[in-house]
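Structure first, commentary second.
Residue numbers (full-length UniProt numbering): 1 to 189.
Written out as structure tokens, the structure is:
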């Protein structure tokens, strides 16, 4: 996975670039390769451009500034492509349970659970990818970033007490649409 945990002021240049370079160079190279074909024929514009980011690009982690910055780049890149009327969405994932890195490292999974990051199982992850791929790519910048895995207990509690949690704050942002839909569905049930 390439993570090298340390404070930014203590992080080596090599540790910084080990995480940053694959994400920004890979994304930029893919964009440029596609652009060559689009420039030849506008009908070559892809229907989707999916970036898998991390919730850390939005909420941050003190000892993983390289990981947070790399994912922040992906989120911003998606906004930039959307501003050019090109398809792109960045999915800021929390943690995926039952498969992959965290499944193989249960101590890290436990730590993230204690921090309030809610896991997605493989099926939920695939549903979110499907949502991102089938979401109409109409060029709206605010649809360029979906967040997953954030703890919603406080939001649910306020909603249960009668507060309108949908009228202000972060839930008004498109990137929180999955969380908002979940809160509203639970309230209606």
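C-beta atoms are modelled at their ideal positions from N, C-alpha and C, and glycine is treated no differently.
DSSP bridge partner residues for residue i (one or two, in chain order)
i	result
residue 92	53, 147
residue 119	95
residue 69	Answer is none; residue 69 lacks a bridge partner.
residue 6	64
Residue i to residue j span [Cα, whole Å]
i	j	result
residue 21	residue 70	8 Å
residue 36	residue 86	14 Å
residue 55	residue 90	10 Å
residue 26	residue 188	43 Å
residue 121	residue 95	9 Å
residue 163	residue 183	12 Å
residue 113	residue 58	18 Å
residue 186	residue 99	27 Å
residue 72	residue 160	33 Å
residue 108	residue 38	42 Å
residue 40	residue 129	29 Å
residue 33	residue 14	27 Å
residue 93	residue 51	10 Å
residue 12	residue 42	43 Å
residue 132	residue 88	9 Å
residue 105	residue 68	20 Å
residue 179	residue 28	30 Å
residue 157	residue 181	15 Å
residue 65	residue 7	7 Å
residue 74	residue 117	20 Å
residue 63	residue 53	17 Å
residue 16	residue 79	23 Å
residue 123	residue 47	23 Å
residue 177	residue 18	32 Å
Residue environment, residue i, which counts as buried when at least 16 other CB atoms sit within 10 Å
i	result
residue 134	exposed
residue 30	exposed
residue 10	exposed
CA nearest to the CA of residue i, picked from the options
i	options	result
residue 97	110, 91, 31, 89	110
residue 119	107, 129, 102	102
residue 146	159, 125, 161	125
residue 127	144, 148, 28, 16	148
residue 5	92, 60, 181	60
residue 210	7, 24, 179	One cannot answer for residue 210 here, as it falls past the ends of the chain, which runs 1 to 189.
residue 49	177, 180, 179, 144	144
residue 142	117, 81, 181, 123	81
residue 84	45, 18, 63	45
Residue i Cβ short of 7 Å to the ligand SAM heavy atom set
i	result
residue 92	Although the ligand SAM was asked about, the structure shown includes no ligands whatsoever.
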